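What follows is one structure encoded as structure tokens, with my remarks underneath.
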Amino acid sequence: MAVAPVPLWAVCVLRVALATVYFQEEFLDGERWRNRWVQSTNDSQFGHFRLSSGKFYGHKEKDKGLQTTQNGRFYAISARFKPFSNKGKTLVVQYTVKHEQKMDCGGGYVKIFPADVDQKNLNGKSQYYIMFERDRT
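Under mature numbering (1 follows the signal peptide of the UniProt record, and there is no 0), residues -19 to -1, 1 to 118 are what the sequence shown spells out, in order.
Written as structure tokens, this is what we have:
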């Protein structure tokens, strides 16, 4: 019996289909995001988030995400996920940030913290493993 060769694209698709997703947030359940995300109360000057699809979007509901509510503020919010190890495997971290307001300096940052991080006291000095940023200067 002959075995048909498998095209490379099929192997790639299969590999993606077998990937483990450790954390994914789509904000499709309305205000229930507030049960998963913890706003830091470390600084009373931190700004607050709301759920919005913003000024422009492809789909009003599917493109919702966390939106800052005040200009010129720092923000700190986090969501917990189960600890994992990617030892021997590639780790892919992906996020989207959409800057709609005009600003001179600012950006969106994503940090991966240790599992024991104190979410309520999250601040710029909190220990983290990896940081991704999208500055707009």
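By construction, the Cβ of each residue, glycine as well, lies at the ideal position given by its N, Cα and C atoms. Source: prediction; values computed, not measured.
Within 8 angstroms, strictly: CB atoms of residue i and residue j
| i | j | result |
| --- | --- | --- |
| Q100 | V19 | yes |
| F8 | A57 | no |
| L47 | F30 | yes |
| G69 | V78 | no |
| L103 | N16 | no |
Segment limits, alpha helix (DSSP H) that includes residue i
| i | result |
| --- | --- |
| R15 | 14 to 17 |
Sequence-distant residues of the same chain with beta carbon closer than 7 angstroms to residue i, five excluded per side
| i | result |
| --- | --- |
| K45 | F8, L32, S33, S34 |
| E6 | A60 |
| S107 | F94, V98 |
Sequence-distant residues of the same chain with beta carbon closer than 6 angstroms to residue i, five excluded per side
| i | result |
| --- | --- |
| K41 | S34 |
| Y38 | D44 |
| F94 | Y109 |
Proximity winner among the options, relative to residue i (alpha-carbon distances)
| i | options | result |
| --- | --- | --- |
| S21 | A60, T77, V2 | A60 |
| F113 | F30, K92, L103, K106 | K92 |
| V98 | Y90, Y110, G88, G89 | Y110 |
| A(-1) | V74, P95, A96 | V74 |
| V2 | G53, S25, T71 | T71 |
| F55 | R13, K36, Q5, S25 | S25 |
| A96 | Y76, G105, P64 | P64 |
| F4 | G105, S66, G53, S107 | S66 |
Same chain, Cβ closer than 8 angstroms to residue i, neighbours up to 5 away in sequence not counted
| i | result |
| --- | --- |
| T50 | G28, H29, F30, R31 |
| G11 | L32 |
Residue range of the unbroken beta strand (DSSP E) whose run includes residue i
| i | result |
| --- | --- |
| Q48 | 46 to 49 |
| A60 | 58 to 60 |
| L32 | 30 to 33 |
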